[in-house]
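Residue numbers (numbering that gives the first Met the number 0), protein chains in the order written: chain G, 0 to 204; chain F, 0 to 204; chain H, 0 to 204; chain X, 0 to 204. We put the CB at the ideal spot given by N, CA and C, even for glycine.
There are 4 protein chains.
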Amino acid sequence: MTTRGRIDKRQAILEGAFTVFAREGYAQACVQEIAREAGVAKPTVYNHMTDKATLFRNALEAAARTILEQRIAALEPLAAPTGDLRATLEEVAHVLLRLHTDGRSCALRRLLYSEVTHFPDILDIVKESGPDRLTQALADRLARLALAGRLRATDPDLAAEQFLALLLGPLEARTQLGTRQLEDSQLRVMAVAAVDAFVRAWGAR
Amino acid sequence: MTTRGRIDKRQAILEGAFTVFAREGYAQACVQEIAREAGVAKPTVYNHMTDKATLFRNALEAAARTILEQRIAALEPLAAPTGDLRATLEEVAHVLLRLHTDGRSCALRRLLYSEVTHFPDILDIVKESGPDRLTQALADRLARLALAGRLRATDPDLAAEQFLALLLGPLEARTQLGTRQLEDSQLRVMAVAAVDAFVRAWGAR
Amino acid sequence: MTTRGRIDKRQAILEGAFTVFAREGYAQACVQEIAREAGVAKPTVYNHMTDKATLFRNALEAAARTILEQRIAALEPLAAPTGDLRATLEEVAHVLLRLHTDGRSCALRRLLYSEVTHFPDILDIVKESGPDRLTQALADRLARLALAGRLRATDPDLAAEQFLALLLGPLEARTQLGTRQLEDSQLRVMAVAAVDAFVRAWGAR
Amino acid sequence: MTTRGRIDKRQAILEGAFTVFAREGYAQACVQEIAREAGVAKPTVYNHMTDKATLFRNALEAAARTILEQRIAALEPLAAPTGDLRATLEEVAHVLLRLHTDGRSCALRRLLYSEVTHFPDILDIVKESGPDRLTQALADRLARLALAGRLRATDPDLAAEQFLALLLGPLEARTQLGTRQLEDSQLRVMAVAAVDAFVRAWGAR
DNA sequence: GATGAATGAGAGTTCATTCAT
DNA sequence: TATGAATGAACTCTCATTCAT
Chain G
0 MTTRGRIDKR QAILEGAFTV FAREGYAQAC VQEIAREAGV AKPTVYNHMT DKATLFRNAL
60 EAAARTILEQ RIAALEPLAA PTGDLRATLE EVAHVLLRLH TDGRSCALRR LLYSEVTHFP
120 DILDIVKESG PDRLTQALAD RLARLALAGR LRATDPDLAA EQFLALLLGP LEARTQLGTR
180 QLEDSQLRVM AVAAVDAFVR AWGAR
Chain F
0 MTTRGRIDKR QAILEGAFTV FAREGYAQAC VQEIAREAGV AKPTVYNHMT DKATLFRNAL
60 EAAARTILEQ RIAALEPLAA PTGDLRATLE EVAHVLLRLH TDGRSCALRR LLYSEVTHFP
120 DILDIVKESG PDRLTQALAD RLARLALAGR LRATDPDLAA EQFLALLLGP LEARTQLGTR
180 QLEDSQLRVM AVAAVDAFVR AWGAR
Chain H
0 MTTRGRIDKR QAILEGAFTV FAREGYAQAC VQEIAREAGV AKPTVYNHMT DKATLFRNAL
60 EAAARTILEQ RIAALEPLAA PTGDLRATLE EVAHVLLRLH TDGRSCALRR LLYSEVTHFP
120 DILDIVKESG PDRLTQALAD RLARLALAGR LRATDPDLAA EQFLALLLGP LEARTQLGTR
180 QLEDSQLRVM AVAAVDAFVR AWGAR
Chain X
0 MTTRGRIDKR QAILEGAFTV FAREGYAQAC VQEIAREAGV AKPTVYNHMT DKATLFRNAL
60 EAAARTILEQ RIAALEPLAA PTGDLRATLE EVAHVLLRLH TDGRSCALRR LLYSEVTHFP
120 DILDIVKESG PDRLTQALAD RLARLALAGR LRATDPDLAA EQFLALLLGP LEARTQLGTR
180 QLEDSQLRVM AVAAVDAFVR AWGAR
């Protein structure tokens, strides 16, 4: 029970930190504000995390883990693609787009990009809870589909990479670097376009 | 001559600023260091630019302009695609990859991403000297090719968008968010793979 | 037993406190570290001592008392100076030097000097357990010797003061303000030199 | 002229620093207050001195130099001791006592003692501008007097050391570790007593 | 126009001290 | 009684920005 409060507070700090870092960036974010956001006093933050830097890393890691889990879960329909493959792909694509355009998701990308030179070790986050993992998971699914003869059976890793590229690449411009929200209908259109191209390029001949 | 010196100094300041901002990020960069990098005294920086913020915007704008020009120029071969279309596309793709993985280019992306929330007006840079312009220019070229019957004649804007997505999307993972340099041979492989998929998806039937 | 444990803990706290204060000085010493040194938790320190300041005073007092006792004991041989007076003085002088150059002794001096302006009441420690008391005790012994005709019978207080001055004064320079340990042989030489001058100045004509 | 202001300010900072350090001790002194004392803004202090530590060292050094000069000057009468040697010694002794009991002098001693463990390099100050130098200078004078047959011609270094010990040793107790001012008449008495013993111990037989 | 010097404002971090258990 | 956790108050140091020359 004693421990409970502790864990809650740690959680609150990590979430507050991510929120503030996301809003302000690493350098502009001030620990004072993070503490306020988490509803604790400044030294409490330091009792849990040694450093502003450590706080940053941990907050990023926690956020990345959560986000990755959602994305992996979004691939589920591909595990047993009943019926129309194209429809399944579109469904998955649509959900991925929605997840990818979510505020926290965009913020995480921004933070990773902007601080990767100051915190080279956040690359581990990218490797372990980032896009690499998603590509792998997708490649696994596509490999099954290839075996089942429903996709060109050459290189599932490349296929996964290109599926995600076709899907997410256009986002950057459309969302203005992640600052603008898109309508769900727009996302649907983008999903269809990406899947369309993907099927032309990778569908079973 | 006086005027000349002034212009030179302005140029030096803008370049020094971009260098330092690229290395440190907006907030961590300090005007002192920018001045040192540019070889002038700190107040001289303020004589040319009112603000650290203004300095940032101008430095970004100048860098973006230069970078965009190079990219647009790289599309040149597509204007008159002598002979093999696939080969031309691969050549263009290869050059684009090289430009896109260049240090300054990556730094610019990082800066845009990290500061877009604090400087919403840098979106103008993206629109006027960024990827949007490149996509447009490429779409123009592809439209010509479509008219010439060498590409599927449906939607050149979408084609351009997907060409760039297939080409540049995989870069993020391969360069570790732009922190790792790639061998030219690797770039060649990536160019071939992207063009291969593009041709399958968009080649004339 | 409980009481015993309490007393032990109090003792441990006082000793830990002196150790840390000696190493760090009053202001730099942090209660956390004192608690660690004493093997207790931080609030336990506050259960025994109201204040960091109180803790400081008590630790100093305890240390001073111990140190004074040793010094007074060192004067013992002068109570019944069998045989050669000069030899007895040299012996006493030697032991005093050794005590005076001891680490804890030097630390105590340092602490008294540095904090006397912030804790005027530690002057009581000096008066009750410090050099003043030693001078008095020595004066008592010298008075007896004067009565016995073995010393100039004028002013035993002055004699005691000058004996200690001749003995300890040179220490400051030789030990580099108490930071360097001296060889026992060096101490012997210093004792002899001090006694030599003392006897010339205060020996019975 | 530009430089003039700079030098003045540096001087003011060093003096303010010594004042505050003397009053508060190293750790308790805060740069803010030093700046106020010096009549400048806090960052100005940092423009002149890199560090609080550096500031401390420099302030100590400057104060030590000034103080040493005064003490050395006080030995002047011994250079050509016209007439009564005892009277000359008493005069010198008296002045030395006055210098030694001066507020700044006491403060310097306190600071040296209290911080020597944190700043081992301030031992250089002691060597170059502290008591060691004074002892040397005095030894030089006494050697001359020994040559002139007016002092026991054995060991002028030891003689100087013991003269100062007899003179300054009793100060510690009398001034309560340097916190109490003494009347000039008391100083006179102490000077006479010290010289008296010194002459008995070191006077030409 | 260019610069050395100065400053107001603010950030990270530490610490003595107090609750609640 | 002893302790893990939390906090208010300071303190060092940095930086964008402005004068005065």
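Simplified DSSP assignment, three categories, for residue i
{"i": "G24 of chain X", "result": "coil"}
{"i": "H117 of chain H", "result": "coil"}
{"i": "P246 of chain X", "result": "Because residue 246 of chain X is not part of the residues shown, which for chain X are 0 to 204, the question remains open."}
{"i": "A40 of chain X", "result": "coil"}
{"i": "G129 of chain F", "result": "coil"}
{"i": "D183 of chain X", "result": "helix"}
{"i": "C105 of chain H", "result": "helix"}
{"i": "T134 of chain F", "result": "helix"}
{"i": "T49 of chain X", "result": "coil"}
{"i": "Q175 of chain G", "result": "coil"}
{"i": "L74 of chain G", "result": "coil"}
{"i": "M0 of chain G", "result": "Residue placement at M0 of chain G is flagged as unreliable, the pLDDT there being 32, under the threshold of 50; the coordinate-derived value follows with that caveat. M0 of chain G: coil per DSSP, three-state reduction."}
Per DSSP, the bridge partner or partners of residue i
{"i": "L150 of chain F", "result": "F:G202"}
is_contact[residue i, chain H] using C-beta, thresh 8 Å
{"i": "S104 of chain X", "result": "no"}
{"i": "Q180 of chain X", "result": "no"}
{"i": "A26 of chain X", "result": "yes"}
{"i": "S251 of chain X", "result": "Lying outside 0 to 204, the shown extent of chain X, residue 251 of chain X is not represented and no answer is given."}
{"i": "Y112 of chain X", "result": "yes"}
{"i": "G168 of chain X", "result": "yes"}
CB contact below 8 Å: residue i versus chain G
{"i": "P42 of chain F", "result": "no"}
{"i": "P130 of chain F", "result": "yes"}
{"i": "R109 of chain F", "result": "yes"}
{"i": "E171 of chain F", "result": "yes"}
{"i": "L122 of chain F", "result": "yes"}
{"i": "R140 of chain F", "result": "no"}
{"i": "V39 of chain F", "result": "no"}
{"i": "L13 of chain F", "result": "no"}
{"i": "A52 of chain F", "result": "no"}
{"i": "L157 of chain F", "result": "yes"}
{"i": "L146 of chain F", "result": "no"}
C-beta neighbour in chain X for residue i, strict 8 Å
{"i": "E160 of chain H", "result": "yes"}
{"i": "A136 of chain H", "result": "no"}
{"i": "A62 of chain H", "result": "no"}
Cβ shell of residue i (< 8 Å), same chain only, five flanking positions each side left out
{"i": "P76 of chain F", "result": "T87, E90, V91"}
{"i": "R97 of chain X", "result": "D183, L186"}
{"i": "K8 of chain X", "result": "A37, V39, T43, H47"}
Any chain F beta carbon closer than 8 Å to residue i
{"i": "L165 of chain G", "result": "yes"}
{"i": "V125 of chain G", "result": "yes"}
{"i": "V115 of chain G", "result": "yes"}
{"i": "A203 of chain G", "result": "no"}
{"i": "A190 of chain G", "result": "no"}
Same chain, Cβ closer than 6 Å to residue i, neighbours up to 5 away in sequence not counted
{"i": "P80 of chain X", "result": "T87"}
{"i": "V125 of chain G", "result": "none"}
{"i": "L165 of chain H", "result": "A193, A196, F197"}
{"i": "T1 of chain X", "result": "Because the pLDDT of T1 of chain X is 35, which lies under 50, any placement of that residue in the model is unreliable, and the number read from its coordinates should be weighed accordingly. Closer than 6 Å at the Cβ level, and outside the excluded window around T1 of chain X, lies no residue."}
Contacts around residue i, its chain only, beta-carbon distance under 7 Å, and the 5 residues preceding and following it disregarded
{"i": "L74 of chain H", "result": "V91, A136, L137, R140"}
Cβ-heavy atom distance, residue i to the ligand MN, below 7 Å
{"i": "Q161 of chain H", "result": "The ligand MN is not part of this structure, which contains no ligands at all."}
Inter-stretch contact (C-beta, 8 Å, three-pair minimum) for the stretch 195-202 of chain H and the stretch 156-169 of chain H: Counting Cβ pairs under 8 Å, three or more are found: they touch.
The stretch 62-70 of chain X touching the stretch 41-54 of chain X, judged by at least three CB pairs closer than 8 Å: no
Given 8 Å, three or more beta-carbon pairs between the stretch 51-60 of chain X and the stretch 118-128 of chain X: The answer is yes - the stretch 118-128 of chain X touches the stretch 51-60 of chain X, with three or more Cβ pairs under 8 Å.
The stretch 191-198 of chain F in contact with the stretch 22-34 of chain H per 3-pair CB rule at 8 Å: no
Segment contact flag, the stretch 168-181 of chain H with the stretch 100-113 of chain H, C-beta cutoff 8 Å, min 3 pairs: yes
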